[in-house]
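S.K.: Residue numbers (our numbering), protein chains in the order written: chain A, 1 to 415; chain B, 1 to 415. A virtual CB, placed ideally from N, CA and C, is assigned to each residue, including glycine.
Structure representation (structure tokens):
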């Protein structure tokens, strides 16, 4: 059961925006049993869009198209799709009402002619009403293949996909069951992990696929299988995963599906009625921002201080100036003091602190770019570690954030 | 002059990772005159990779492939490419040396056989040495079309692309000049902007393309042209852009190429030797994290406080409890007090503060999810505004962050 995704827009082809829509759609379709054969991004250009639609039709039973449905002249997806399915654009009164309602809701002037043109849709298309925007979703069919066009604005696309597209697609198609389970490991390289589980990999059932997903400081291992029967597919992958976890128990963080490391930390803290705070230097607030991305963060996260300037570590966290002068601002001692004092200032049980040199400049001290000290204060004491994360500002920050959560989880699990 | 980008990996097709590599490669190739005809993502599957390579060969003169070069069994790109260009894999001693060097540098044990297999490359390929990883880049040719394979790890890919690929490609191909200029506007919808510049759009030279890029709270307008002569292409687009800026002067933030809004704020503050700080509630540290993404942030950013729990606004920022009780924690009064006190605590000239309800739960007060108050304290006083950003936690946070920088820039420009 194959699907394809086509994302349309010059902005993708010139690299001005990253195509995040495709990954979201792929994940949602995968959940209901579709394998994505290909994702293609093409320009706002008629011949090219027609070509890719024709190619996708030959390979897939379902084609999801996003982008190019806006009110302005550069958006041509609707016209081209209408031509492709040999249909004509007609005005749809329900879509027009929706556009007028949206303009009223947002206290805008009356819709412009360009907005009302968005109510023009292929006559045979089933309309998927877009509550959050003026461009409607459209369901069309050609020679048994389903083509669904969605707006490119991620928020609008996501709502339409999950609320309108997925239920309808699930009803129309008889689908197999696809199951993935991903294990997150920290601290060992891809090939070293592969060496450790060589025998396991060789003895893995043929229809269970193992994939390695290395990224900064962690390797994720994904087991996947597909089959008609949900129970047997799930049971087989879960049994293999259990074996894998046993083989790698010393470097395992947990299963990715269960929760991200941050959600896992949040869940444990909440169950223990314990609180967290931060004191960040080189990570500049990113640890706090990652924590507060999650709904319900307020029930475990007290807050944080970004003490970017060295003197502020003294002023806000009450670090003795002598400590900084003696040990250097990038030191285990300073990181530990930051963490401990963050607990005190925020009245929290755990605190994570970072101090380091994200680069590209070396900063005040003698340390190389990429040197980062991370500390975690706990009700039992404080632990810290010094890292050399190499060059690349973004990379140093990201590695530091990942490592901070890893160290934090380790300590929290000791409660 | 067309190029194509092929990204390989099941993780992309199941939506487990967002393909950020394609956008980076597209932008870099575009800068040197290549139009990207298509971006395709395909699975780690031999027939499929062979098909897409064949299709790309017919459409483009340059094909960049990323992913599938790892040391583990699920990575097959190298074998398939070698078959495609009718070559054979041979061991390359320079690549082997590089692998051994990397293992030494990172204090790892000796390379495993799996790592040394990464030194196997197509015999006719030109090697692009990967200083940052064990998978080499490879330059191959078939019937006049250049195929370049790069590792999928973004950091390694980026270095190889900018340091090895771009200079070689630039030398090999005679390329036209492509020029984009993008204007960032805030506060008006896509179709309202289109209506304002209708005449301008109609009179635009045919070879200059105008594109609208709407996103949360802002619309970007891109003018693009391509031609043999750099000077005339640039002059024509710049002249049109100047007109466009004039037509939209009241909603213009600036040109995107110049710098992001954060870089622009940083530049002005630095030139004035002035400093910035934050006091965040609902944005949870994201404003600080966005500021510190940029190298040199330390020369203008003092730091910030994330006071997530209400009581901490009193404790850390010294906000009178009475103020919060009287006006409600999500109020202009509290936002203003947070900003003013952030200036005091951090000894900064400007401070931006947020307080609001990111959702999905309503929180302590009476306000709806999506209600956010933002304040900017300046040497001259403090300004604030209340917003209703709708639902969706991520969306509320992102809109708040964007709006905060917009308000901050507006005030900074008044200095």
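Tell me the residue span of the alpha helix (DSSP H) that contains residue 344 (chain A).
M.R.: Per DSSP, residue 344 (chain A) belongs to the alpha helix (DSSP H) from 332 to 346.
S.K.: Buried or exposed: residue 190 (chain A), going by 16 or more other Cβ atoms within 10 Å of its Cβ?
M.R.: Buried, since its Cβ has 16 or more Cβ neighbours within 10 Å.
S.K.: Rounded to the nearest angstrom, how far is the Cβ of residue 87 (chain B) from that of residue 123 (chain B), given a contact under 8 Å?
M.R.: Confirmed, about 6 Å.
S.K.: When you compare the CB of residue 423 (chain A) with every CB in chain B, is at least one pair closer than 8 Å?
M.R.: This structure cannot settle anything about residue 423 (chain A), because the visible part of chain A is limited to 1 through 415.
S.K.: To which residues of the same chain is residue 401 (chain A) closer than 7 Å at the C-beta, ignoring the five residues directly before and after it?
M.R.: For residue 401 (chain A), where only same-chain residues beyond five positions count, the Cβ hits under 7 Å are 283, 286, 287, 290.
S.K.: Does residue 192 (chain A) come out as helix, strand or coil in the three-state DSSP assignment?
M.R.: Correct three-state label for residue 192 (chain A): helix.
S.K.: Report yes if the CB atom of residue 317 (chain A) is closer than 8 Å to the CB atom of residue 305 (chain A), and no otherwise.
M.R.: Yes; because the gap between Cβ atoms is below 8 Å, this pair is in contact.
S.K.: Hey, is the region 371 to 390 of chain A in contact with the region 331 to 341 of chain A, meaning 3+ C-beta pairs nearer than 8 Å?
M.R.: The region 371 to 390 of chain A is in contact with the region 331 to 341 of chain A.
S.K.: Residue ranges of each alpha helix (DSSP H) run of no fewer than 4 residues wholly in the region 16 to 64 of chain A, ordered along the chain?
M.R.: Whole alpha helix (DSSP H) segments, 4+ residues: 21 to 31, 46 to 59.
S.K.: Among A:140, A:127, A:407, which one has its Cα closest to the Cα of residue 382 (chain A)?
M.R.: Taking only the C-alpha atoms, the option nearest residue 382 (chain A) is A:407.
S.K.: Got a sec, what are the start and stop residues for the alpha helix (DSSP H) residue 157 (chain B) sits in?
M.R.: Here the alpha helix (DSSP H) through residue 157 (chain B) covers 154 to 160.
S.K.: May I ask you to list, following chain order, the residues of the region 165 to 181 of chain A that have a beta carbon less than 9 Å from some beta carbon of chain B?
M.R.: Those would be 178, 180, in chain order.
S.K.: Does the beta carbon of residue 38 (chain B) sit closer than 8 Å to a beta carbon anywhere in chain A?
M.R.: Yes, residue 38 (chain B) counts as interfacial toward chain A.
S.K.: With a threshold of 7 Å, establish whether the CB of residue 50 (chain A) neighbours any heavy atom of the ligand GDP.
M.R.: Absence of the ligand GDP from the depicted structure is noted, as is the absence of any ligand whatsoever, leaving it without description.
S.K.: For residue 188 (chain B), which residues in the same chain have their Cβ closer than 6 Å to its Cβ, ignoring the five residues on either side in sequence?
M.R.: Closer than 6 Å at the Cβ level, and outside the excluded window around residue 188 (chain B), lie 251.
S.K.: Report the three-state DSSP secondary structure of residue 205 (chain B) (helix, strand or coil).
M.R.: Note: residue 205 (chain B) maps to coil in three-state DSSP.
S.K.: Taking the beta carbon of residue 207 (chain B) as the centre, do at least 16 other beta carbons fall within 10 Å, making it buried, or is it exposed?
M.R.: So residue 207 (chain B) ends up on the exposed side.
S.K.: Beta-carbon within less than 6 Å of residue 193 (chain A)'s beta-carbon, same chain only, minus the 5 sequence neighbours each way: which residues are those?
M.R.: Hits under 6 Å: 219.
S.K.: Who are the neighbours of residue 324 (chain A) on chain B, taking C-beta pairs under 7 Å?
M.R.: Near residue 324 (chain A) there are no residues of chain B at all, since even the closest Cβ is about 15 Å away, more than 7 Å.
S.K.: With three or more C-beta pairs closer than 8 Å as the rule, is the region 48 to 63 of chain A touching the region 128 to 135 of chain A?
M.R.: They do not touch, by the three-pair rule.
S.K.: Please classify residue 14 (chain A): does DSSP put it in a helix, a strand, or coil?
M.R.: Three-state DSSP puts residue 14 (chain A) in coil, outside helix and strand.
S.K.: Just list the beta strand (DSSP E) runs in the region 69 to 154 of chain A, keeping only unbroken ones of 3 residues or longer that don't cross its boundaries, in chain order.
M.R.: Within the region 69 to 154 of chain A, the complete beta strand (DSSP E) runs of at least 3 residues are 89 to 91, 120 to 122, 126 to 128, 137 to 142, 145 to 150.
S.K.: With H, G and I counted as helix, E and B as strand and the rest as coil, what does DSSP make of residue 171 (chain B)?
M.R.: Correct three-state label for residue 171 (chain B): helix.
S.K.: Could you tell me how far apart the beta carbons of residue 384 (chain B) and residue 277 (chain B) are, in whole angstroms, since I believe they sit closer than 8 Å?
M.R.: With 8 Å as the limit, residue 384 (chain B) and residue 277 (chain B) do not qualify as a contact, their Cβ atoms being about 16 Å apart.
S.K.: Please report the straight-line C-alpha distance between residue 227 (chain B) and residue 209 (chain B), rounded to a whole angstrom.
M.R.: Taking the straight line joining both Cα atoms gives about 13 Å.
S.K.: Let's test the definition: count the other Cβ atoms within 10 Å of the Cβ of residue 358 (chain B) and tell me whether it reaches 16, buried, or not, exposed.
M.R.: Buried, since its Cβ has 16 or more Cβ neighbours within 10 Å.
S.K.: Determine whether the beta carbon atoms of residue 119 (chain B) and residue 92 (chain B) lie at a separation below 8 Å.
M.R.: It is a contact, given that the beta carbons lie within the stated cut-off.
S.K.: Applying the 10 Å Cβ sphere with the 16-neighbour rule, what's the burial state of residue 310 (chain A)?
M.R.: Buried: at least 16 other Cβ atoms inside 10 Å.
S.K.: Just the Cα atoms here: how many angstroms apart are residue 279 (chain B) and residue 292 (chain B)?
M.R.: Spanning the two alpha carbons is a distance of roughly 15 Å.
S.K.: Quick one: is residue 115 (chain A) near chain B, going by C-beta distance under 8 Å?
M.R.: Closer than 8 Å to some Cβ of chain B, the Cβ of residue 115 (chain A) qualifies, so yes.
S.K.: Comparing C-alpha positions only, which one of A:31, A:249, A:275, A:269 sits nearest to residue 303 (chain A)?
M.R.: Of A:31, A:249, A:275, A:269, the residue nearest in Cα terms is A:275.
S.K.: With 9 Å as the limit, tell me which residues of the region 341 to 360 of chain B have their beta carbon closer than that to any beta carbon of chain A; keep them in chain order.
M.R.: Hits within the stretch, in order: 345, 346, 347, 358, 359, 360.
S.K.: Counting only Cβ-Cβ distances shorter than 9 Å, please list the residues of the region 291 to 304 of chain B near chain E, keeping chain order.
M.R.: As a matter of chain content, chain E is missing from the structure shown, whose protein chains are A and B.
S.K.: Quick check on residue 331 (chain A): buried or exposed, where buried means 16 or more other Cβ atoms within 10 Å of its Cβ?
M.R.: Answer is buried; the Cβ neighbour count reaches 16.
S.K.: Check whether the region 159 to 169 of chain B touches the region 239 to 249 of chain B, taking contact to mean three or more Cβ pairs, one atom from each stretch, closer than 8 Å.
M.R.: Not touching, per the Cβ criterion.
S.K.: Under 8 Å between C-beta atoms, does residue 97 (chain A) make it to chain B?
M.R.: It does not; no Cβ of chain B falls within 8 Å.
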